[in-house]
Amino acid sequence: MTMEKYDLHCHSTASDGALSPAELVARAHQQGVTVLALTDHDTTNGLTSARQTADTLGIRLIPGIELSAIWEHKCFHIVGLNIDPANPTLIEGIKQQQIIRAERAEKIAHKLEKKRIPGAYEAVKASAGEGMITRSHFADYLVANHHVKSQQEAFDKYLGRGKPAYVSTAWADMSETIRWITESGGIAILAHPLRYKLSGNWMNRALTAFKQAGGIGMEVVTGRSSLDDIQRSHFYAQKFQLLASQGSDFHSPQNEWVELGRLQPLPNGSDPVWKLLN
Ligand code: AMP
Ligand code: MN
Ligand code: MN
Ligand code: MN
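Take 2 as the starting number for the sequence shown in our numbering and just add one per residue.
See below:
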C-alpha cells in the first residue's frame, strides 16, 4: 500500500497564484504531494497545462475549481473536485462568473480612484494577464504603490467587506454553483469553513443549506488550520455527515506559512473525500 499525500486546494497564475500551473505542479511533486487538485478562482484555464506537467512527472492531478458563491447575502467559496472542464453547464456557469468578476474589477478600481488611487485597473489587468482578476491583484497593487504595507492591510483598509473599495458582488447562488459542479460529475466541497466568521447558529444553517443543495464535503484541514480549528471543523463534518477534505490553499512561495502538501493529518474518525476519488 502506498501512502498518498493529498493537497486538494491551490492556486496558479490562472487566478491569484504566483506560479504557473506547470511550476505549481512541479513544486507539489517536489514537496512529495502525490494527488493534487488545482482549484483556481472561477476558472479551469490552468488545468490543461497542469495536466501535461502532472503526466510528465507522474503526479495525479484532480481537475478542480474554486467557485465564488452567495448564500444569505454572504460570500462562500465552493471547491469542485473531479469536475469535467468540458461540461457545458459548468462552462456556462463559469462564463457568468467571469463576467461578474471583470465588472467587479472595474468597480473596485473606480472606488479606489475616488480615494485618489488611480491606475489600479490597468495595473491589475496587466498583472493578472490571461488569468482571473482577484482582490489579491488589487492588494498587490496597493502594496507596490506604498498605499499599504501588506496584503492584509490592503484588505483591512480598502478591499475587505465594508471598506471603501469593497464591492458587494452578485456571484451565483451557492446552490447553483453546487449544481454546476455536480452536473459536471464533480464533488462539491465547502472551502475553509472557519474563514466566514460564522456563529455556531449560522454555521449550522449554512451547512444545512450546503448539504441540502448537494454539497458532499468540507475542508477539515487547510494550510493555516490550528489544531483547534481542525477539531471544530471535524465536529461539523461529523455532525452534518460531510466528507473531510484537506488542501493548503497555497498561493505563493513568498508566503512561508503555507506550503503545498504541508498539512496536519485529518482527525481520527474522519471520512476522507478521497474515497470518492479512487
Ligand atoms: P476575490 O475572489 O477576488 O474576492 O479574492 C479573494 C482572494 O483574496 C482570496 O482567495 C485570497 O487569496 C485573498 N484574500 C482574501 N482576504 C484576504 C486577506 N484578508 N488577506 C490577504 N488575502 C486575502
Ligand atoms: Mn485566492
Ligand atoms: Mn477561498
Ligand atoms: Mn483558495
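For each residue, glycine too, the CB sits at the ideal point set by N, CA and C.
Just to confirm my understanding: we take residue i, look at its own chain, exclude 5 residues before and 5 after, and list those with CB closer than 6 Å. What are they?
{"i": "H235", "result": "V221, P268"}
{"i": "G132", "result": "T14, A15, S16"}
{"i": "T90", "result": "W181, E184"}
{"i": "V36", "result": "E5, Y7, R61"}
{"i": "L25", "result": "S13"}
{"i": "R52", "result": "L62"}
{"i": "S176", "result": "A214"}
On the DSSP letters alone, give me the boundaries of the alpha helix (DSSP H) that residue i sits inside.
{"i": "L25", "result": "22-31"}
{"i": "G248", "result": "Counting along the chain, G248 falls outside any alpha helix (DSSP H), though it belongs to the beta strand (DSSP E) covering 244-248."}
{"i": "I238", "result": "Residue identity differs from the one stated: residue 238 is Ala in this sequence, not Ile. Here the alpha helix (DSSP H) through A238 covers 228-240."}
{"i": "A51", "result": "48-58"}
{"i": "A38", "result": "From DSSP, A38 is part of no alpha helix (DSSP H) but of the beta strand (DSSP E) over 36-39."}
{"i": "Q299", "result": "For residue 299 there is no data in the structure shown, the boundaries of the chain being 2 and 279."}
Hey, residue i and residue j are a contact pair by Cβ (cut 8 Å); roughly how many whole angstroms apart?
{"i": "I190", "j": "L82", "result": "6 Å"}
{"i": "Q32", "j": "G262", "result": "4 Å"}
{"i": "K116", "j": "P165", "result": "5 Å"}
{"i": "T49", "j": "I101", "result": "Contact doesn't hold; Cβ gap of about 24 Å is too wide."}
{"i": "L277", "j": "L244", "result": "7 Å"}
{"i": "I118", "j": "H148", "result": "6 Å"}
{"i": "A19", "j": "H252", "result": "6 Å"}
{"i": "W172", "j": "C76", "result": "7 Å"}
Let's see if you can read the secondary structure: which residues bound the beta strand (DSSP E) around residue i?
{"i": "M219", "result": "218-223"}
{"i": "E67", "result": "61-72"}
Give me, in chain order, the residues of the same chain whose beta-carbon lies closer than 8 Å to that of residue i; leave out the 5 immediate sequence neighbours on both sides.
{"i": "K150", "result": "V144"}
{"i": "T44", "result": "A15, S16, I66, I95, Q99, G132, M133"}
{"i": "D174", "result": "A70, I71, W72"}
{"i": "S249", "result": "D8, H10, C11, T223, G224, V259, E260, L261, G262, R263, L264"}
{"i": "N46", "result": "A15, E131, G132"}
Measuring alpha carbon to alpha carbon, tell me which of the options ends up nearest residue i.
{"i": "A238", "options": "D272, S226, V259, Q255", "result": "D272"}
{"i": "S128", "options": "T54, L58, F139", "result": "F139"}
{"i": "V34", "options": "I84, G59, I179", "result": "G59"}
{"i": "A103", "options": "G18, V274, T209, H42", "result": "H42"}
{"i": "A207", "options": "D250, D141, K240", "result": "K240"}
{"i": "Q153", "options": "N256, E107, N279, L39", "result": "N256"}
{"i": "I92", "options": "G186, L25, E123", "result": "G186"}
{"i": "N279", "options": "H12, I63, G120, A51", "result": "I63"}
{"i": "D56", "options": "H30, F211, T40, E107", "result": "H30"}
{"i": "I109", "options": "L199, I84, Y142", "result": "Y142"}
{"i": "Q242", "options": "S227, F211, D229", "result": "F211"}
{"i": "S200", "options": "R105, R233, Q97, E107", "result": "R233"}
{"i": "D85", "options": "W275, K198, T40", "result": "T40"}
Give every residue of the same chain whose Cβ lies closer than 7 Å to the Cβ of residue i, excluding the five residues on either side of it in the sequence, and list them in chain order.
{"i": "Q247", "result": "Y7, L9, E220, V221, V222, L264, L267"}
{"i": "I179", "result": "I79, A189, A214, G215, G216"}
{"i": "A192", "result": "H10, E67, H78, I79, V80, E220"}
{"i": "Y167", "result": "L160, G161"}
{"i": "A27", "result": "T54, L58"}
Could you tell me whether the Cβ of residue i comes closer than 8 Å to any Cβ of chain C?
{"i": "G201", "result": "Of the chains in the structure shown, none is chain C; there is only one protein chain."}
- Ordered list of beta strand (DSSP E) runs contained in the stretch 75-146, each at least 3 residues: 75-82
- Ranges of the beta strand (DSSP E) found wholly within the stretch 139-199, counting only runs of at least 3: Whole beta strand (DSSP E) segments, 3+ residues: 188-191.
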